[in-house]
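Residue numbers (the working numbering): 12 to 277. Each residue gets a CB set at the ideal place from its N, CA and C atoms; glycine is no exception. Report on one structure; see the data block that follows.
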Ligand code: ADE
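Written as structure tokens, this is what we have:
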């Protein structure tokens, strides 16, 4: 029974390529390939050209392919991919057939094994630890839902990792897919200018606490001064002040994080 399935530790889902279609001859394989399956591909066009992501794509570190689910519709005329739920109820569901046809075709577009992620408010809530596990997987197929969601057989057949970006309902999975892409590419070496910066991010492996406050010029604005320690040039004191600030902020805002400091194996 589906309800007894153990949640897929992503990467273990059995979706692997059946056909080998290599990229450009001689090209260095990018570190992470995303295939985004959506009914609204245009939503991604602005996002894909924004600076950090565009640079990562240019450098060949990230590859993003957006696929219109309607291209795999069994309805030649209207390219319909949704239908009413059996048993009644409001709204429309995305049908199983186009999704499976699409995912199988997309898998075959590259020889790298793919992990399937389905964006849904029913999923595991995305956090930095999951982001860190997604980044090394090499290839992610992101399924964006619309309407009332997918025919449940999509989940039974693909056994995707179901991810939510929070306890609220979006109009579809597209924004959530962008969140997954945006957070994951930061983990890929070379995407950020400074290798250390994603390590230091709040919630990251190097720091499961909230970040300390930061300041830049001017040293005083409307009577508010930058803490003296930060302009002292004393790196030891600065590091200590920052660690204390992180602790303090986390205690005030997110006590739940205090028990989850990184260990050697984290
Ligand atoms: N689709 C609709 N709401 C969502 C959410 N909160 N997270 C991921 N996908 C969604």
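With 16 other Cβ atoms within 10 Å as the buried cut-off, status of residue i
i           : result
residue 83  : buried
residue 136 : exposed
residue 161 : buried
residue 223 : buried
residue 121 : buried
residue 269 : exposed
residue 37  : Low confidence applies here, because residue 37 scores a pLDDT of 43, under 50, leaving its location unreliable; read the following figure in that light. With fewer than 16 Cβ atoms within 10 Å of its Cβ, residue 37 is classed as exposed.
residue 235 : exposed
residue 230 : exposed
residue 45  : buried
residue 32  : For residue 32, the pLDDT reaches just 24, beneath the cut-off of 50, and the residue's location in the model is therefore unreliable, leaving the point undetermined.
residue 55  : buried
residue 35  : For residue 35, the predicted model reports a pLDDT of 38, less than 50, meaning its position is unreliable and no value from the coordinates is stated.
residue 262 : exposed
residue 195 : buried
residue 197 : buried
residue 109 : buried
residue 185 : buried
residue 131 : buried
residue 23  : Because residue 23 sits at a pLDDT of 36, beneath the cut-off of 50, its placement in the model cannot be relied upon, and the point is left open.
residue 281 : Here the chain comprises residues numbered 12 to 277, so residue 281 is not present and cannot be evaluated.
residue 67  : buried
residue 254 : exposed
residue 180 : exposed
residue 250 : exposed
residue 202 : buried
residue 25  : Residue placement at residue 25 is flagged as unreliable, the pLDDT there being 35, under the threshold of 50; a coordinate-derived value is accordingly withheld.
residue 240 : exposed
residue 243 : exposed
residue 62  : exposed
Member of the options whose CA lies at the smallest distance from the CA of residue i
i           : options            : result
residue 266 : 238, 232, 214, 247 : 214
residue 85  : 163, 260, 106, 95  : 106
residue 166 : 181, 193, 128, 194 : 128
residue 182 : 71, 57, 156        : 156
residue 200 : 149, 263, 109, 76  : 149
residue 260 : 220, 113, 197, 97  : 220
residue 170 : 204, 193, 111      : 111
residue 79  : 71, 133, 113       : 113
residue 153 : 173, 264, 66       : 173
residue 123 : 195, 197, 95, 147  : 147
residue 134 : 253, 104, 177      : 177
residue 104 : 164, 70, 143       : 164
residue 142 : 188, 179, 62       : 188
residue 204 : 60, 53, 59, 64     : 64
residue 43  : 192, 264, 115      : 192
residue 209 : 246, 151, 140, 158 : 140
residue 75  : 226, 256, 117, 246 : 117
residue 90  : 158, 77, 81, 69    : 81
residue 216 : 144, 232, 159      : 144
residue 97  : 72, 159, 53        : 159
Strand pairing of residue i, partner residues [DSSP]
i           : result
residue 74  : 44
residue 181 : None; residue 181 has no bridge partner.
residue 105 : 93, 161
residue 215 : 218
residue 231 : 236
residue 49  : 79
Checklist entry - Which residue spans inside the stretch 116-199 form an unbroken beta strand (DSSP E) run of at least 3? => result Runs of the beta strand (DSSP E) inside the stretch 116-199: 126-136, 150-155, 172-175.
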